[in-house]
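Convert by adding 20 to the 1-based position in the sequence shown; the result is the number in my numbering.
Accompanying notes for the structure given below.
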Amino acid sequence: MAMCDELGPKGDSEGYLQSYIEEYGGTSLCNVRKTDTGCSDKQKAFIEKWLPKPEAEIKKQLDRVKGMVEKDGNSMKPDALAWAKQRLNIFKQLAQPKTEL
Numbered sequence: 021m022a023m024c025d026e027l028g029p030k031g032d033s034e035g036y037l038q039s040y041i042e043e044y045g046g047t048s049l050c051n052v053r054k055t056d057t058g059c060s061d062k063q064k065a066f067i068e069k070w071l072p073k074p075e076a077e078i079k080k081q082l083d084r085v086k087g088m089v090e091k092d093g094n095s096m097k098p099d100a101l102a103w104a105k106q107r108l109n110i111f112k113q114l115a116q117p118k119t120e121l
């Protein structure tokens, strides 16, 4: 059986396989600089909200969410923990200096 069949229904519009990989791999396909691929609508809205915020505010939220995931992660519901990890990844990317090619 193919892994994509095992980990979710064919034509899965909810991105079950992507969610599985992101959750258990501790990674994300969402890039704050290229939200057209790999980002859910929820992530896109979150990025749009935080992209114009000052760096100090982003770093403050990064520390807050990081502490929440590390301290309270075991007591959080799986969906809430997954969203917290996604936000953490977004904040990490937003906190990085913007580079131009």
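Using N, Cα and C, we set each Cβ at its ideal position, and we do this for glycine too.
According to the DSSP assignment, Arg-107 belongs to the alpha helix (DSSP H) that extends over 98–115. DSSP places Gly-87 inside the alpha helix (DSSP H), whose first and last residues are 75–92.
Contact holds between the stretch 83–90 and the stretch 103–110, because three or more Cβ pairs, one in each stretch, are under 8 Å apart. A buried status is given to Asn-109, since no fewer than 16 other beta-carbon atoms sit within 10 Å of its beta-carbon. According to DSSP, Lys-62 shares a beta bridge with no other residue. Counting only the Cα atoms, Lys-69 lies some 13 Å from Thr-55. Residue pairing by DSSP places Lys-54 opposite Asn-51 in a beta bridge.
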